[in-house]
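A.B. asks: Submitted below is the structure of interest, expressed as structure tokens.
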Ligand code: NAP
């Protein structure tokens, strides 16, 4: 459900990396395709001392670098919407000039905080003081929303002091991805999956988020974060919630988020032996040698760059079905996918041939595709009985839906922020349920004295992570 369309967008951190790589190109693409409200003005702000002209130049360069040429139609229209107001959010007096610059926003004001979360509290206090947090104002926040439950509550409380929950848009950019939304379509726009989507028919689920990159110059950030908090707490638990949730009554913010939070609250606290952590050492990725994490960092560290978990959702639908999650840096390939492994058929009538259980693979990146593996007869005559083989029923989305533009996740999310639709944003109770589960894992690691096991860059993590699944007779999908 959408609210009123904002007439102004105020972008904090407008000169930063996220703004240049994602937000400005996404806004430009939305403008080019006629999605932005006709009179929407976009005000950028950061400390850098730019004027409107310099900011437009920065935006033009960002769009030319990060948006394909065929999506850059009417860039002039986009650039004309832009203005800029310098502001150091730690100096409260600067907010008066910002308010003056923003001026009236008759349709409402959408605010996007693309700055470090340590600046959120001061920013929100400044906005409230100068009247930019009033009824028509919505606010969007980038991750990380805290580093544990307590710090997340502090951020959430600071935001709640000025904005009610129905005007807070917490971003998990995975929810803006086409394939992630397609998972919802697959489950709830087709009849054939729902009767099978439970513990009777599903053996286990795997979720993998693999990166090939290492530290990327973000040592300070990563040293205080690690793989569990960087990837599992947010993106992977959101994917798990979408796979496991009950059918919502409608595709609207309330019903969808009600169902997701039930799953997150049903996550069973992990027990000893249900998690493995790792840290990469030097090795080859994509044919090139890369140094180990500690070498990149320049000192020893006990931060995990890999984690594998065996999770359970304690409810009727998922009783006894493990959800294996793994994520790591310096893996052999960049890959995000969900694998739903069905159970074996109860009885085989094919005496000579082995049957394999069906498997649904939902590829999220780099390839967006859905593959259902089925058993089929191998053509030919055979007196010893029918030969069978596993064959993929492949829905390569890019091919099946060719002619439709694949959009940047932030295009969806910015448009929803401007139009006031919270369905693809994370509610406070979800974030807090996520942190509660993650904090318990970290407490367990501390209790057990668990330290990351080394793995070679370019491998799929420590061998213990393979054992974690193989103990149950499960192989990671590769
Ligand atoms: P960044 O490149 O460091 O940009 C930070 C922005 O904040 C810059 O525009 C900076 O501009 C501004 N800023 C810093 N201090 C300020 C102050 N005191 N007052 C006003 N503005 C200030 O960071 P980023 O990578 O864009 O990330 C922004 C947020 O998004 C962070 O919370 C990050 O965790 C999150 N995020 C980023 C990515 C990504 O891919 N980059 C992905 C997911 C989440 P000036 O220096 O001109 O002030």
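In my numbering, the protein residues as written are 1023 to 1500. Built from N, CA and C at the ideal position, the CB exists for glycine as well.
#1: Identify every run of the beta strand (DSSP E) within the segment 1095-1141, keeping only runs that are complete inside it and at least 3 residues long; order them along the chain.
#2: Which stretch, first to last residue, makes up the alpha helix (DSSP H) that contains residue 1474?
#3: Kindly confirm or deny that the segment 1078-1096 and the segment 1046-1056 touch, where touching means at least three C-beta pairs closer than 8 angstroms.
#4: Which residues bound the beta strand (DSSP E) around residue 973?
#5: Buried or exposed: residue 1293, going by 16 or more other Cβ atoms within 10 Å of its Cβ?
#6: Whole angstroms is fine: what's the gap from residue 1498's alpha carbon to residue 1339's?
#7: Is residue 1380 buried or exposed, if buried means 16 or more other CB atoms sit within 10 Å of its CB?
#8: With residue 1192 and residue 1160 assumed to form a contact (beta carbons below 8 angstroms), what rounded beta-carbon distance in angstroms separates them?
#9: Helix, strand or coil for residue 1496? Go by DSSP, reduced to three states.
#10: Among 1232, 1482 and 1085, which has the Cα closest to the Cα of residue 1043?
#11: Going straight from the alpha carbon of residue 1166 to that of residue 1252, what length do you get?
#12: Between which residues of its own chain and residue 1118 is the CB-CB distance below 8 angstroms, once the five residues before and five after are set aside?
#13: Hey, out of 1105, 1203 and 1041, whose CA is closest to residue 1385's CA?
#14: When you compare only the Cα positions, how much space is there between residue 1464 and residue 1245?
#15: Since residue 1206 is in the alpha helix (DSSP H), which residue starts that stretch and which ends it?
#16: Have a look at 1305, 1194, 1113 and 1083 and flag the residue whose alpha-carbon is nearest the alpha-carbon of residue 1476.
#17: Using a threshold of 8 angstroms, is the CB atom of residue 1243 nearer than that to any non-hydrogen atom of the ligand NAP?
#18: Going by alpha carbons, who is nearest to residue 1362 out of 1369, 1106 and 1383?
#19: Counting C-beta neighbours from all protein chains within 10 Å, is the total for residue 1493 16 or more, i.e. buried, or is it exposed?
#20: Please work out which residues of its chain come closer than 7 angstroms, Cβ to Cβ, to residue 1081, disregarding the five sequence neighbours upstream and downstream, and give them in chain order.
#21: In chain order, what residues of the same chain have a beta carbon less than 8 angstroms from the beta carbon of residue 1469, not counting five sequence neighbours either side?
#22: Assuming contact is defined by CB atoms lying nearer than 9 angstroms, are residue 1360 and residue 1265 in contact in what I supplied?
#23: Following a CB-centred definition, is residue 1372 positioned closer than 8 angstroms to any heavy atom of the ligand PLP?
C.D. replies: Here's the rundown:
#1: DSSP runs (the beta strand (DSSP E)) wholly in the segment 1095-1141: 1104-1108 and 1131-1135.
#2: Along the chain shown, read from residue 1 onward, the residue named residue 1474 stands at position 452. Residue 1474 -> no alpha helix (DSSP H), and no H or E assigned at all.
#3: yes
#4: Nothing can be reported for residue 973, as the shown portion of the chain is limited to 1023 through 1500.
#5: Residue numbering aside, residue 1293 sits at position 271 when the chain shown is read from its first letter. The residue in question, residue 1293, is exposed, as its Cβ has fewer than 16 Cβ neighbours within 10 Å.
#6: Stepping through the chain shown from its first residue, residue 1498 is reached at position 476. Stepping through the chain shown from its first residue, residue 1339 is reached at position 317. Each residue's alpha carbon lies about 23 angstroms from the other.
#7: Counted from its first residue, the chain shown places residue 1380 at position 358. By the 16-neighbour rule on beta-carbons within 10 angstroms, residue 1380 is buried.
#8: For the purposes of this step, residue 1192 is taken as the residue at position 170 of the chain shown. For the purposes of this step, residue 1160 is taken as the residue at position 138 of the chain shown. Not quite, the Cβ-Cβ distance comes to about 12 angstroms (not below 8 angstroms), so this is no contact.
#9: Translated into the one-based positions of the chain shown, residue 1496 becomes position 474. Here residue 1496 sits in coil by DSSP.
#10: Position 21 of the chain shown, counted from the start, is the residue given in the question as residue 1043. Residue 1085 is the option with its Cα nearest to residue 1043.
#11: The sequence position of residue 1166 within the chain shown is 144, counting from 1. The sequence position of residue 1252 within the chain shown is 230, counting from 1. Roughly 8 angstroms separates the two Cα atoms.
#12: What you label residue 1118 is simply residue 96 of the chain shown in a count that begins at 1. Only 1152 meet the Cβ criterion.
#13: Walking along the chain shown from the start, residue 1385 turns up at place 363. Out of 1105, 1203 and 1041, 1203 has the C-alpha closest to the C-alpha of residue 1385.
#14: Reading the chain shown from its first residue, position 442 is the one you call residue 1464. Reading the chain shown from its first residue, position 223 is the one you call residue 1245. The alpha-carbon atoms of residue 1464 and residue 1245 are separated by roughly 15 angstroms.
#15: Within the chain shown, numbered from 1, the residue matching residue 1206 stands at position 184. Residue 1206 -> alpha helix (DSSP H) spans 1200-1210.
#16: Looking up residue 1476 in the chain shown gives position 454. Here the closest residue by C-alpha is 1305.
#17: Locating residue 1243 in the chain shown gives position 221, where the first residue counts as 1. Correct: residue 1243 has its Cβ closer than 8 angstroms to the ligand NAP.
#18: On the chain shown, position 340 is the one that residue 1362 refers to. The shortest C-alpha separation from residue 1362 is found at 1383.
#19: Taking the chain shown and counting its residues from 1, one reaches residue 1493 at position 471. Exposed, because fewer than 16 other Cβ atoms sit within 10 Å of the Cβ of residue 1493.
#20: Along the chain shown, one-based indexing puts residue 1081 at 59. Within the same chain, residue 1081 has close Cβ partners 1046, 1101 and 1104.
#21: As a working mapping, residue 1469 is identified with position 447 in the chain shown. Closer than 8 angstroms at the Cβ level, and outside the excluded window around residue 1469, lies no residue.
#22: Position 338 of the chain shown, counting from 1, holds the residue named residue 1360. Position 243 of the chain shown, counting from 1, holds the residue named residue 1265. Yes.
#23: Summarising the ligand content, the structure contains the ligand NAP and does not contain the ligand PLP.
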